[in-house]
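In the numbering used here, the protein residues as written are 1099 to 1494.
In this text, a Cβ means the ideal position worked out from N, Cα and C, and glycines have one as well.
In this text the structure is predicted, and so the values were computed from the model without any measurement.
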């Protein structure tokens, strides 16, 4: 038990108010000491105080009172302050609870032992009230700030998880992909990997009639929340406008709509392809996106498409390119992250590297060539892709 434990006082007012919503637990076997410290804290604004007479009672109070700060005496019966610290820090949920040691013991070995045990601060008795308030203020405000940040982090994590699930729900379902294969004879293999929780890429399948189905791949500037919001906007616009029979006409109408809602500096690239099984033809139009790659018949090659991105100017002209669908052919749509992926030296994979990966996939006769293709992209980038990555491989 410590007896030299008075709290010194001055005539100066207490002008360092403490956050009133903080909870402080005072662990001290001396009733006079507990009451003096409590009076100082109450005058400084602390409304919720807990008390314990030894370390064992203090550990129980930590569980029931849930303090934001502990003011701890060291020399106590039943369980001293050092043992209290040791047991407290063994409990994961209380490992970060700040403990301010207030003791009459002033030798350096005791101070070192307290800090080694997990104390965040050390104050000697007799305690000066202004020093006590100043030290309590630092640790209590830090604790409350960390609690606020943790709460914000938890809310943000939940919101992002919800938004991520909503964005993934925009993508074609396995059921729709199966229906497209059965109805139109089109096999769809796709990859969608946002660079963070949310992304600015979107791809989709839109049945037009019993003979025609459209597929699109879009990429908005940036990534994260702002870009993902634009993908929701795009999904709504596609439903409202309807893709129709001519992809260039659709891109023209979509461009006019996006000019009205995108802020300065925002734009989108997009490729739209329409498969028509009645004429065995493919119609494709592009708005600034990476050039689609067509396979079947001649060696895989890029379609001659070149037009500005969406949301830049109303005078943009889009062109539809029509080709015959050769037996065993395929069409690859992809975002620019695929060819812009860099290795450790900063060298991009590039179109030539992508062409090599496609040739490798075809030569191996993979049933799912996109797997080998994206594995090659990942290998080139060392597992680091710093942008949203989308790839859609359509074969017939």
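Give me whichever residues DSSP pairs with residue i in a beta bridge.
i	result
residue 1121	1146
residue 1446	1440
residue 1290	1488
residue 1305	1311
residue 1198	1169 and 1219
residue 1400	1391
residue 1317	1299 and 1367
residue 1408	1366
What residue range is occupied by the uninterrupted alpha helix (DSSP H) comprising residue i?
i	result
residue 1159	1153 to 1163
residue 1188	Segment: none, residue 1188 is in no alpha helix (DSSP H) and carries neither H nor E.
residue 1267	1227 to 1267
residue 1334	1323 to 1339
residue 1383	Not the alpha helix (DSSP H): residue 1383 falls in the beta strand (DSSP E), residues 1379 to 1385.
residue 1428	Residue 1428 -> not in any alpha helix (DSSP H); beta strand (DSSP E) instead, spanning 1428 to 1432.
Residue i: which of the options sits nearest, CA to CA?
i	options	result
residue 1477	1141, 1346 and 1452	1452
residue 1296	1312, 1311, 1288 and 1262	1262
residue 1202	1172, 1321, 1219 and 1341	1172
residue 1448	1461, 1307, 1288 and 1434	1434
residue 1149	1330, 1143 and 1134	1134
residue 1438	1152, 1429, 1450 and 1430	1450
residue 1380	1423, 1233, 1288 and 1138	1423
residue 1369	1341, 1394 and 1398	1341
residue 1361	1142, 1327, 1156 and 1211	1327
residue 1145	1367, 1121, 1154 and 1184	1121
Which residues bound the beta strand (DSSP E) around residue i?
i	result
residue 1278	Not the beta strand (DSSP E): residue 1278 falls in the alpha helix (DSSP H), residues 1272 to 1282.
residue 1478	No beta strand (DSSP E) contains residue 1478, which is instead part of the alpha helix (DSSP H) from 1467 to 1478.
residue 1368	1366 to 1374
residue 1421	1419 to 1422
residue 1130	No beta strand (DSSP E) holds residue 1130; the alpha helix (DSSP H) holding it covers 1129 to 1141.
Our contact map puts residue i next to residue j with C-beta atoms below 8 Å; I'd like the distance itself, whole angstroms only.
i	j	result
residue 1259	residue 1298	Contact doesn't hold; Cβ gap of about 18 Å is too wide.
residue 1385	residue 1407	6 Å
residue 1459	residue 1470	4 Å
residue 1287	residue 1387	Their Cβ separation, rounded to whole angstroms, is 19 Å, which puts residue 1287 and residue 1387 out of contact at 8 Å.
residue 1371	residue 1429	6 Å
residue 1382	residue 1403	7 Å
residue 1182	residue 1143	With a Cβ gap of about 26 Å, residue 1182 and residue 1143 do not count as contacting.
Does the stretch 1152 to 1172 come close enough to the stretch 1191 to 1198 to have 3 or more Cβ pairs within less than 8 Å? yes
- Task: Examine the Cβ distances between the stretch 1124 to 1138 and the stretch 1224 to 1238 and report whether three or more of them are shorter than 8 Å.
- Result: yes
Whether or not the stretch 1235 to 1252 and the stretch 1276 to 1283 are in contact is what I'm after, with contact meaning three or more pairs of Cβ atoms, one per stretch, closer than 8 Å; do they touch? No: the two stretches stay apart, fewer than three of their Cβ pairs being nearer than 8 Å.
### Query
Does the stretch 1363 to 1376 touch the stretch 1306 to 1313, meaning 3 or more C-beta pairs lie closer than 8 Å?
yes
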